[in-house]
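Undergrad: What follows is a single structure, and I will ask about it in a moment.
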Amino acid sequence: MLGSGGRRLLTTVLQAQRWPFQLSRDMRLVQFQAPRLTGPRLGLESGDGGGVIDLNAFEPTLPKTMVEFLEQGEATLSVVRRALVTQLPVLPRSEVTFLAPVTRPDKVVCVGMNYADHCREQNVPVPKEPIIFSKFASAIVGPYDDIILPPESQEVDWEVELAVVIGKRGKYIKAADAMAHVAGFTVAHDVSARDWQMRRNGKQWLLGKTFDTFCPLGPALVTKDSVPDPHNLKICCRVNGEVVQSSNTNQMVFKTEELIAWVSQFVTLYPGDIILTGTPPGVGVFRKPPIFLKKGDEVQCEIEELGVIVNKVA
Numbered sequence: 109m110l111g112s113g114g115r116r117l118l119t120t121v122l123q124a125q126r127w128p129f130q131l132s133r134d135m136r137l138v139q140f141q142a143p144r145l146t147g148p149r150l151g152l153e154s155g156d157g158g159g160v161i162d163l164n165a166f167e168p169t170l171p172k173t174m175v176e177f178l179e180q181g182e183a184t185l186s187v188v189r190r191a192l193v194t195q196l197p198v199l200p201r202s203e204v205t206f207l208a209p210v211t212r213p214d215k216v217v218c219v220g221m222n223y224a225d226h227c228r229e230q231n232v233p234v235p236k237e238p239i240i241f242s243k244f245a246s247a248i249v250g251p252y253d254d255i256i257l258p259p260e261s262q263e264v265d266w267e268v269e270l271a272v273v274i275g276k277r278g279k280y281i282k283a284a285d286a287m288a289h290v291a292g293f294t295v296a297h298d299v300s301a302r303d304w305q306m307r308r309n310g311k312q313w314l315l316g317k318t319f320d321t322f323c324p325l326g327p328a329l330v331t332k333d334s335v336p337d338p339h340n341l342k343i344c345c346r347v348n349g350e351v352v353q354s355s356n357t358n359q360m361v362f363k364t365e366e367l368i369a370w371v372s373q374f375v376t377l378y379p380g381d382i383i384l385t386g387t388p389p390g391v392g393v394f395r396k397p398p399i400f401l402k403k404g405d406e407v408q409c410e411i412e413e414l415g416v417i418v419n420k421v422a
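Position one of the sequence shown corresponds to residue 109 (my numbering), numbered consecutively onward.
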């Protein structure tokens, strides 16, 4: 099983420290805010659950948003590599507010029924082509922000997902070239209003998927070179400490490369675009009887090597 449910926001309070050299192999980019610092900033998380290096303090010419950072490509990445091998002060985690690693992307592309075991859970055939829908960027919130239950829905459900972050613009991308367009990976929670997804509005999925706060992301954008195999990672969701989803990304029907090739036939992918790659079995709607989120619940979505996001339901 993944790390214990005790790994939560602010459970580890780090004092100011020096950047550990061994973490140069693990590039974890974050967006954050902190007292006495102006606006959102870019940082490096010093390992899963660690403090944050302020990249804008290290190099003031760096952009302060992830989308702008990714748009500049190799020039900005080279600055981060320098920061990784330089002894720099680390802001204690207790003094930092984590934002979603990517905010205001051009698009959030989602993939339905992309886990073989999730298809079996529904007793439906495995899709022959990717099933694509979307969320609006306004649904994105940070890794520790609240999920707000909308009064319009009584059936809000959980879905842990691996999210792919695009780093390089592309159209008609070949699967063999797809990873060259990937910046990295993060943890996503595809919160879903099942009544709107499955019964209302002509059974179109969009409205049920895109209420405000229905896309928590984080805690970091872990660069692709820091993830040896994104398609062999343990993935789980816990509600109030109870494991409700537990699988592995090797159950994905269409892998990252295939999804990028498929989606880029229809739309141009831009730096910062996010692809949510589907969820494993264990969602609330297919339980007997169905279970849905209620006020006061705490949802932890965790993926091996990427980290855990913790969101209260309000």
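Ideal Cβ placement from N, Cα and C applies to all residues, glycine included.
In whole angstroms, give me the CA-to-CA distance for Thr357 and Ile343.
TA: When rounded, the distance between both Cα atoms is 7 Å.
Undergrad: Closest by CA to Met221, which one among Pro388, Val416, Pro398?
TA: The candidate whose alpha carbon is nearest that of Met221 is Pro388.
Undergrad: Exposed or buried, which one is Cys409 when buried takes at least 16 other CB atoms within 10 Å?
TA: Result: buried.
Undergrad: Quick one: grab the DSSP three-state call for Lys420.
TA: In this structure, Lys420 counts as strand in the three-state DSSP scheme.
Undergrad: According to the neighbour-count rule (16 or more other Cβ atoms, all chains shown, within 10 Å of its Cβ), is Phe400 buried or exposed?
TA: Classification for Phe400: buried.
Undergrad: One question on the structure: do Pro213 and Ala245 come within less than 7 Å of each other, judged by their Cβ atoms?
TA: The answer is yes: Cβ separation under 7 Å.
Undergrad: So Asn356 is in the beta strand (DSSP E); what residue range does that whole segment cover?
TA: That run of the beta strand (DSSP E) goes 350–356.
Undergrad: Do the segment 274–284 and the segment 404–421 meet, that is, are 3 or more Cβ pairs less than 8 Å apart?
TA: The answer is no - the segment 404–421 does not touch the segment 274–284, with fewer than three Cβ pairs under 8 Å.
Undergrad: Taking the C-alpha atoms as reference points, what is the distance between Gly353 and Glu229?
TA: Looking at the sequence itself, residue 353 is Gln, so the reference to Gly does not match. Their Cα atoms are separated by approximately 12 Å.
Undergrad: In the DSSP assignment, find the unbroken beta strand (DSSP E) run with Asp162 in it and report its ends.
TA: From DSSP, the beta strand (DSSP E) with Asp162 extends over 160–162.
Undergrad: Evaluate Gln130 with the Cβ neighbour count: other Cβ atoms within 10 Å of its Cβ, from every protein chain shown; 16 or more gives buried, anything less gives exposed.
TA: Because Gln130 carries a pLDDT of 33, less than 50, the predicted location of this residue cannot be relied on, and the following value inherits that uncertainty. So Gln130 counts as exposed.
Undergrad: If you measure from the beta carbon of Glu260 to each beta carbon in chain C, is any gap under 7 Å?
TA: Within the model displayed, chain C is absent; a lone protein chain is all it includes.
Undergrad: Let me confirm a value: Glu153 is counted as buried when at least 16 other C-beta atoms fall within 10 Å, else exposed. Which label applies?
TA: Counting Cβ neighbours within 10 Å, Glu153 comes out buried, since at least 16 surround it.
Undergrad: Using a Cβ-Cβ cut-off of 6 Å (strictly less than) and excluding sequence neighbours within five positions of Thr331, which residues of its own chain qualify?
TA: Closer than 6 Å at the Cβ level, and outside the excluded window around Thr331, lie Met135, Gly292.
Undergrad: If the criterion is Cβ atoms closer than 7 Å, does the pair Lys243 and Asp381 meet it?
TA: Going by C-beta atoms, Lys243 is not nearer than 7 Å to Asp381.
Undergrad: How is Lys403 classed by DSSP in three states: helix, strand or coil?
TA: If DSSP states are grouped into helix, strand and coil, Lys403 belongs with coil.
Undergrad: Find out if the Cβ-Cβ distance for the pair Pro327, Asn419 is shorter than 7 Å.
TA: No, these two residues do not count as a Cβ contact at 7 Å.
Undergrad: How big is the Cα-Cα spacing for Gln139 and Gln195?
TA: Cα-Cα distance, rounded: 20 Å.
Undergrad: For the alpha helix (DSSP H) that contains Arg302, what are its first and last residues?
TA: It spans 302–306 - the alpha helix (DSSP H) in which Arg302 sits, taken as one unbroken run.
Undergrad: Counting C-beta neighbours from all protein chains within 10 Å, is the total for Thr169 16 or more, i.e. buried, or is it exposed?
TA: It counts as exposed.
Undergrad: Looking at the unbroken beta strand (DSSP E) that takes in Ser242, where does it start and where does it end?
TA: It spans 239–243 - the beta strand (DSSP E) in which Ser242 sits, taken as one unbroken run.
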